[in-house]
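Working notes, structure below.
In our numbering, the protein residues as written are 10 to 634.
Structure below.
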């Protein structure tokens with residue numbers, strides 16, 4: 010036991026450590042952001058000093074914090090406050106009602122953007138809206154609806170806003186669908202990639218910098234609500250370093266990151282990939298940064314000629330003949346500079362060709378010790394798994410099949426879908442494998458959807474695509490989101506468990522992950538989330554511990570204010586915002602006049618956001634509106 014008093018002690022819990030020498034304990038002690046001791050409550054409580062904070066876990070289950078191995082958090086955070094999310098909504102009628110209500114408060118020239126992980130199969134109606142329905146709900150407000158990776162819907166106002174007309178030429182790699190007269194209908198298709206979808210989305214208004222800071226804080230807050238304490242950011246097209254990382258860097262400098270981020274650098278321009286990485290390896294040091302914001306290598310895009318996109322509504326693309334030569338140039342730069350990399354590869358045909366390159370480079374510059382890996386790998390073969398293992402690599406899988414499983418079955422059949430990707434087989438062969446989401450555009454950022462899919466084999470629409478013998482048990486699935494990820498961000502022995510010496514990242518889930526019905530796993534959230542021993546989210550009986558909520562979502566018309574994030578839509582009289590205001594407001598718990606509707610006050614241009622000092626001293630701040 011450590012002689013110095015602990016900063017924090019958590020006790021009276023049922024803590025899953027993922028340490029096989031002590032799999033379940035009652036209590037844990039934290040000092041300087043790391044666990045220093047675990048054990049029985051009676052043994053841990055004596056480590057407290059006069060200033061030690063104590064949290065009674067109330068007999069609840071506790072898990073290590075979840076780490077997403079593939080999240081576009083840096084890009085996604087910039088726009089989070091502008092997005093109406095249909096993630097988790099169970100009916101199209103509810104979704105359209107949300108859209109109608111958001112349209113009513115969105116001022117011109119702003120758009121309503123529906124972006125994220127939703128599919129028609131999750132809706133009771135089993136369909137997406139029509140463009141006619143979008144026009145009826147929003148005759149004047151531009152509406153842009155991005156559906157996974159395959160299509161986008163634009164109402165008439167959005168078509169006017171982006172300037173698409175009869176004379177607009179067909180874009181490369183995409184299709185603007187047209188009526189018999191040649192006029193755009195409002196449906197954009199990714200054929201074979203989402204370039205047209207993202208390019209069109211980029212034409213919309215952007216948030217000013219201070220709003221982007223606020224938006225990113227709210228995205229992290231949403232991830233904390235779902236138990237996410239860390240992520241590997243996979244970069245993104247046209248996301249340049251360091252310019253496009255300024256928001257995260259500023260939040261890191263201010264000590265306001267509530268999700269640990271390891272970032273990978275994504276190439277920028279076709280045919281200039283080698284130059285990108287030559288420049289970055291000269292200006293950036295591998296692993297530079299802190300436990301909260303740190304460089305993690307290259308990828309997921311290494312060269313544009315190796316981009317096999319993941320839209321299962323489209324046929325598998327054949328990679329260009331120049332792929333190997335271009336990929337070799339980049340991989341040699343990375344290997345010589347001892348940078349690990351991640352590489353996007355959906356199909357085994359691409360993986361096997363890339364492995365030819367990696368094996369060639371390995372003969373001259375050994376890859377041993379570089380924690381490189383493939384992303385996605387839905388149709389990877391046994392031979393490729395063995396070749397990856399022989400070179401010391403890994404595979405990062407994501408839950409795209411939970412959203413595109415029906416489309417995969419339509420194209421390739423149920424038999425092919427049974428082991429797509431072959432997670433259980435990879436683990437049985439001893440391969441390095443971890444899990445994530447690939448959010449925010451291609452799927453939802455909700456980790457519990459991924460855990461549910463790994464355990465049940467079902468899509469969000471309920472279709473079983475993975476038979477029971479290829480599914481994972483709950484502990485194995487949890488390790489995919491915790492200790493397994495540590496290899497992928499080169500932090501083995503530092504995170505992913507609740508054990509002495511590990512980073513003090515942990516969650517109290519809203520339901521017992523190990524005991525709840527399988528159908529309930531996807532609906533789990535966190536009631537308490539700690540990062541580095543600090544409470545970054547509290548709800549339910551832990552609400553009072555949450556003393557650092559972000560200011561209200563900006564701008565004041567943000568969909569996040571009214572509808573929240575995943576499955577958090579609707580009028581919420583007992584919202585987190587309201588509950589937090591109750592804890593600190595001088596009118597205690599019975600503001601009969603205002604009913605604790607303090608959200609408008611928070612958004613006012615008045616000094617009312619410091620809950621403890623201002624509201625506590627002067628009472629109810631509802632006068633501020």
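For each residue, glycine too, the CB sits at the ideal point set by N, CA and C.
Fully contained in the region 127 to 179 are the following alpha helix (DSSP H) runs of length 4 or more, in chain order: 140 to 146 and 165 to 171. Considering only 36, 531 and 88, the residue with the shortest C-alpha distance to residue 228 is 88.
Counting C-beta pairs with one atom in each stretch, the region 322 to 341 and the region 357 to 377 have three or more that are closer than 8 Å, which means they touch. Between residue 159 and residue 259, the C-beta spacing is not below 8 Å. Between residue 395 and residue 355 the beta-carbon gap is near 19 Å, outside 8 Å, which marks them as no contact. One Cα belongs to residue 69, the other to residue 416, and the distance between them is close to 39 Å.
Here the alpha carbons of residue 310 and residue 41 stand approximately 36 Å from one another.
99 is the residue among 144, 149, 119 and 99 whose C-alpha sits nearest the C-alpha of residue 127. Sorting 147, 101 and 136 by C-alpha distance to the C-alpha of residue 114 places 147 at the top. Put simply, of 125, 149 and 103 the residue whose alpha carbon is nearest the alpha carbon of residue 81 is 125. Residue range 75 to 80 is occupied by the beta strand (DSSP E) that includes residue 79.
Looking at the DSSP output, residue 30 bridges to nothing.
Residues 69, 71, 536 and 537 of the same chain have their beta carbon placed closer than 6 Å to that of residue 517, with the five preceding and five following residues left out of the count.
Between the C-alpha atoms of residue 506 and residue 280 there is a straight-line separation of about 42 Å.
The alpha-carbon of residue 95 is positioned some 36 Å away from that of residue 503. Using a C-beta cut-off of 8 Å, the region 465 to 474 makes no contact with the region 25 to 38, since fewer than three inter-stretch Cβ pairs fall below that distance. Here residue 203 has 158 as same chain residues with Cβ atoms under 6 Å from its own Cβ, once five neighbours each way along the sequence are excluded. The beta carbon of residue 223 lies closer than 8 Å to those of 90, 559, 560, 562 and 563 in the same chain, with the five residues before and after it left out. If you check the CB distance, residue 137 and residue 129 come in under 8 Å. Here DSSP, grouped into helix, strand and coil, assigns residue 111 to helix.
Within the same chain, Cβ atoms closer than 6 Å to the Cβ of residue 498 are found at 241, 271 and 305, the five residues on either side in sequence being excluded.
Residue pairing from DSSP places residue 538 in a beta bridge opposite 516 and 546.
Distance from the CA atom of residue 134 to the CA atom of residue 101, rounded to whole angstroms, is 6 Å.
Pairing residue 413 with residue 479, the inter-Cα distance amounts to about 18 Å.
Residue 478: not part of any beta strand (DSSP E); DSSP gives it neither H nor E.
Residue 572 carries a helical assignment under DSSP once its states are collapsed to helix, strand and coil.
For the region 186 to 216, the full-length alpha helix (DSSP H) segments reaching 4 residues or more read 204 to 210 along the chain.
According to DSSP, residue 407 shares a beta bridge with 445. For residue 20, no alpha helix (DSSP H) encloses it; the enclosing beta strand (DSSP E) starts and ends at 15 to 20. Under a 10 Å Cβ-count criterion, residue 139 is classified as exposed, with fewer than 16 other Cβ atoms of the shown protein chains found around its own Cβ. By the criterion of a C-beta distance shorter than 8 Å, residue 374 is surrounded in its chain by 341, 344 and 345, once the five residues flanking it on both sides are discounted.
Taking all protein chains in view, the Cβ of residue 73 is crowded by 16 or more other Cβ atoms within 10 Å, so the residue is classified as buried. Contact annotation: residue 443 and residue 78 have beta-carbon atoms nearer than 8 Å. In this structure, the straight-line span from the alpha carbon of residue 212 to that of residue 531 is close to 34 Å. By DSSP's assignment, residue 72 forms a beta bridge with 516.
With a cutoff of 8 Å on beta-carbon distance, residue 268 and residue 312 are scored as not near each other.
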